[in-house]
Amino acid sequence: LLEDESHTELKDFTKKCLKLNKNYPCLYATDYSSEGFRWINANDKDNSVLSFMRISPDGKKNLLFVLNFTPVERDSFRIGVPFKTKYKLVLGDNEADQKKTLTAVKGDCDGYPQSLLIDLHKYGIAVYEFNGDVSKVHATKI
Numbered sequence: 008l009l010e011d012e013s014h015t016e017l018k019d020f021t022k023k024c025l026k027l028n029k030n031y032p033c034l035y036a037t038d039y040s041s042e043g044f045r046w047i048n049a050n051d052k053d054n055s056v057l058s059f060m061r062i063s064p065d066g067k068k069n070l071l072f073v074l075n076f077t078p079v080e081r082d083s084f085r086i087g088v089p090f091k092t093k094y095k096l097v098l099g100d101n102e103a104d105q106k107k108t109l110t111a112v113k114g115d116c117d118g119y120p121q122s123l124l125i126d127l128h129k130y131g132i133a134v135y136e137f138n139g140d141v142s143k144v145h146a147t148k149i
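Here is the structure:
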């Protein structure tokens, strides 16, 4: 089966997902508490893009997930974020073609005072690591 390139790609992506789960406590430490999860935008029906955060109890190694559910490329797609800091790509559907580190810029979006501009592939995913105590920051709208 692994002679087929698509099967090899799926195996490699699954391996990366398992590694992500192992290396990021925010994915399991607060699984049974709403404090470990926060929507950024769950209502973008026009673009069919979902974004949310998984939050670490110690404020380190939080994850930002952005998923594009359409066959449309989304260049410079704006996502609101809680901190003006660096966001490091840790998982993407085409990591070679995605910017490895993004810095939040001033500009209201999704209820947050700063945002990221992310290039999303069709049917794509981008997961970014960032640090900061998200419990002390609240969006003005959801």
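Convert by adding 7 to the 1-based position in the sequence shown; the result is the number in our numbering. Positions of the beta carbon are idealized from the N, C-alpha and C atoms, including for glycine.
field: Sub-8 Å separation of LYS91 and THR108 beta-carbons
entry: As a position in the sequence shown, residue 91 is number 84, starting the count at 1. As a position in the sequence shown, residue 108 is number 101, starting the count at 1. By the CB criterion at 8 Å, LYS91 and THR108 fall outside the cutoff.
task: For SER2, count neighbouring Cβ atoms within 10 angstroms of its own Cβ and tell me buried if that reaches 16, exposed if not.
output: Given that the chain is displayed from residue 8 to residue 149, the structure contains no residue 2 and the question cannot be resolved.
field: SER63 in three-state terms, based on DSSP
entry: Here residue 63 refers to the residue found at position 56 when the sequence shown is read from its first residue. Here SER63 sits in coil by DSSP.
query: For ASP53, does the three-state DSSP call read helix, strand or coil?
result: Reading the sequence shown from its first residue, position 46 is the one you call residue 53. Correct three-state label for ASP53: coil.
message: Going by DSSP in three states, PRO78 sits in which element: helix, strand or coil?
response: Sequence index remark: in the sequence shown, residue 78 carries index 71 (1-based). If DSSP states are grouped into helix, strand and coil, PRO78 belongs with coil.
query: The alpha helix (DSSP H) with CYS116 in it runs from where to where?
result: By 1-based counting over the sequence shown, the position of residue 116 is 109. Counting along the chain, CYS116 falls outside any alpha helix (DSSP H), though it belongs to the beta strand (DSSP E) covering 112–116.
query: Helix, strand or coil: how does DSSP classify THR108 here?
result: As a working note, residue 108 is residue 101 in the sequence shown. In the structure shown, the three-state DSSP call for THR108 is strand.
- prompt: Apart from the five residues just before and just after LYS67, which ones in its own chain have a Cβ nearer than 6 Å to its Cβ?
  reply: Looking up residue 67 in the sequence shown gives position 60. Once the five neighbours on either side are set aside, the close Cβ partners of LYS67 are ASN138.
- prompt: To which residues does DSSP link SER122 through a beta bridge?
  reply: Within the sequence shown, the letter at position 115 stands for residue 122. Looking at the DSSP assignment, SER122 forms a beta bridge with GLY87, VAL112.
field: Integer-rounded CB distance, given that LEU70 should sit under 8 Å from TYR39
entry: In the sequence shown, residue 39 corresponds to position 32, counting from 1. In the sequence shown, residue 70 corresponds to position 63, counting from 1. Not really, about 18 Å apart at Cβ, beyond 8 Å.
- prompt: From LEU8 to THR15, what distance separates their C-alpha atoms?
  reply: Your numbering for residue 8 matches position 1 in the sequence shown. Your numbering for residue 15 matches position 8 in the sequence shown. One C-alpha to the other measures close to 8 Å.
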